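One structure is given below, encoded as structure tokens.
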Amino acid sequence: MNKLQETASHFAPAGVVTDVRPFGNGLINDSYRVHTEGAAPDYLLQRINHHIFQNVEQLQENIAAVTAHIRRKLTDRGEQDIDRKVLTLIPAKDGKKYYFDGENYWRMLLFIPRSVSYEKVDPTYSRYAGLAFGDFQRMLADMPQTLGETIPDFHNMEFRLQQLRDAVRNDAAGRVLPMRAIIDEIERRATDMCRGEQLHREGRLPKRVCHCDTKVNNILFDESGELLCVVDLDTVMPNYIFSDYGDFLRTAANTGDEDDRNLSRVGFNMAIFRAFTEGYLTSARAFLTDIEIDHLPYAAALFPYMQCVRFLADYLNGDTYYKIQYPEHNAVRTRAQFALWQSAEAHAQAMRAYIESIL
Ligand code: GN1
Ligand code: MG
Numbered sequence: 004m005n006k007l008q009e010t011a012s013h014f015a016p017a018g019v020v021t022d023v024r025p026f027g028n029g030l031i032n033d034s035y036r037v038h039t040e041g042a043a044p045d046y047l048l049q050r051i052n053h054h055i056f057q058n059v060e061q062l063q064e065n066i067a068a069v070t071a072h073i074r075r076k077l078t079d080r081g082e083q084d085i086d087r088k089v090l091t092l093i094p095a096k097d098g099k100k101y102y103f104d105g106e107n108y109w110r111m112l113l114f115i116p117r118s119v120s121y122e123k124v125d126p127t128y129s130r131y132a133g134l135a136f137g138d139f140q141r142m143l144a145d146m147p148q149t150l151g152e153t154i155p156d157f158h159n160m161e162f163r164l165q166q167l168r169d170a171v172r173n174d175a176a177g178r179v180l181p182m183r184a185i186i187d188e189i190e191r192r193a194t195d196m197c198r199g200e201q202l203h204r205e206g207r208l209p210k211r212v213c214h215c216d217t218k219v220n221n222i223l224f225d226e227s228g229e230l231l232c233v234v235d236l237d238t239v240m241p242n243y244i245f246s247d248y249g250d251f252l253r254t255a256a257n258t259g260d261e262d263d264r265n266l267s268r269v270g271f272n273m274a275i276f277r278a279f280t281e282g283y284l285t286s287a288r289a290f291l292t293d294i295e296i297d298h299l300p301y302a303a304a305l306f307p308y309m310q311c312v313r314f315l316a317d318y319l320n321g322d323t324y325y326k327i328q329y330p331e332h333n334a335v336r337t338r339a340q341f342a343l344w345q346s347a348e349a350h351a352q353a354m355r356a357y358i359e360s361i362l
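Numbering (the numbering used here), first residue to last: 4 to 362.
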């Protein structure tokens with residue numbers, strides 16, 4: 004039995020474990036697929052990045068509450084195949100929702116079979132995703148528990164800018180100089196990009212339970228194309244609906260890659276925008292306020308901007324947060340998100356016109 008198999012044995016999966024192999028490409032946690040013999044289901048074993056999620060106990064309580072709530076909603080609606088439409092936490096043998104090996108925190112989930120995720124989706128899939136996120140927010144609207152913020156100020160733009168300013172001041176890795184032009188442009192637009200925080204302080208923008216990491220590869224589809232569920236629930240917490248709307252478009256409506264070196268490939272794809280927005284408003288319009296709807300184009304630009312700020316701060320700090328594949332990776336990511344942000348801003352008028360046309 005190797006180390007990973009030994010870790011898996013602290014949970015109580017049905018069936019005999021045959022193999023544990025790396026799975027997926029998240030930038031934060033490490034995931035492994037636990038293969039089992041015969042008809043028993045497979046599992047997903049994850050090492051939780053506890054430097055980032057510092058309160059693992061609360062994190063796991065959040066996930067348990069959210070998945071139980073969604074499961075109840077799906078059951079009430081008479082959905083079939085529920086184990087593939089919501090995540091299932093597998094408790095550790097001692098009954099806890101995680102296992103601590105003295106150094107690392109682990110959790111286990113049921114592996115969702117015959118599912119696929121994508122780095123890019125077409126308009127048809129984007130529309131499904133829009134419907135699904137609107138529905139996700141609606142299902143969680145009446146959760147009895149108040150969820151903790153698993154990462155405080157996660158999508159607080161003022162806080163993210165403060166982190167960037169600290170990183171610029173410290174210049175820990177000596178990388179500020181070549182990034183100066185980008186930093187200046189970020190600062191020039193800073194006040195406007197913090198509008199969400201401003202509206203919230205004025206009591207005009209609510210927080211609702213959101214997913215907060217709706218990048219397109221966090222959505223599972225059935226092999227037939229049907230949408231199954233959203234995964235990566237670590238960041239589910241109260242936030243502005245802009246998070247889910249904006250982060251999906253940041254990843255799905257980018258004609259290039261999140262870390263594209265070729266900036267001429269990067270741009271904001273209006274066909275994806277239209278399909279996703281139409282789907283999202285179909286399921287969310289009933290509960291959204293006018294202020295939320297009016298600011299959807301702002302949200303579409305905010306998320307590439309925020310991700311640019313976050314990648315840049317990490318680059319300046321010497322790559323302490325995101326996993327990187329090569330030394331300049333965070334600089335490349337910063338430039339790609341910067342280009343996407345500029346493109347999204349250039350499309351703001353067209354976005355507004357489309358939203359008006361469908362309401
Ligand atoms: C991280 O874990 P993953 O790769 O789905 C990050 C998101 C970023 C994203 C950028 C907890 O998501 O906020 O938008 O990378 N998650 C955390 O690709 O910071
Ligand atoms: Mg992920």
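The beta carbon of each residue, even a glycine, is placed where N, CA and C say it ideally should be.
Quantities reported herein were computed from a predicted structural model and do not represent experimental measurements.
DSSP three-state assignment for residue i, whether helix, strand or coil
i	result
residue 251	helix
residue 50	strand
residue 31	coil
residue 37	strand
residue 56	coil
residue 24	strand
residue 85	helix
residue 336	helix
residue 197	coil
residue 222	strand
Of the residues the options, the one placed nearest residue i, counting alpha carbons only
i	options	result
residue 303	135, 245, 38 and 93	245
residue 43	187, 114, 190 and 177	114
residue 346	186, 336 and 256	256
residue 342	321, 306 and 39	306
residue 72	197, 253, 90 and 262	90
residue 64	101, 52 and 83	101
residue 60	37, 105 and 99	99
residue 94	15, 288 and 176	15
residue 237	110, 314 and 175	110
residue 158	196, 66 and 263	196
residue 148	97, 160, 198 and 67	67
residue 361	107, 283, 313 and 309	283
Contact belief for residue i with residue j at Cβ below 8 angstroms, rounded distance in angstroms
i	j	result
residue 153	residue 273	Not really, about 33 angstroms apart at Cβ, beyond 8 angstroms.
Sequence-distant residues of its chain with Cβ nearer than 6 angstroms to residue i (five each side left out)
i	result
residue 300	351, 354 and 355
residue 348	304
residue 52	31 and 32
Straight-line gap, residue i to residue j (C-alpha atoms, nearest Å)
i	j	result
residue 120	residue 359	31 angstroms
residue 24	residue 137	34 angstroms
residue 3	residue 88	Here the chain covers residues 4 to 362 and nothing more, so residue 3 does not appear.
residue 170	residue 316	6 angstroms
residue 45	residue 206	46 angstroms
residue 211	residue 134	17 angstroms
residue 29	residue 201	32 angstroms
residue 266	residue 221	24 angstroms
residue 86	residue 188	46 angstroms
residue 1	residue 77	Absent from the model: residue 1. The displayed extent of the chain is 4 to 362, so no value can be given.
residue 247	residue 217	5 angstroms
residue 151	residue 83	31 angstroms
residue 215	residue 209	15 angstroms
residue 173	residue 225	47 angstroms
Sequence-distant residues of its chain with Cβ nearer than 7 angstroms to residue i (five each side left out)
i	result
residue 156	162
Contacts around residue i, its chain only, beta-carbon distance under 8 angstroms, and the 5 residues preceding and following it disregarded
i	result
residue 327	333
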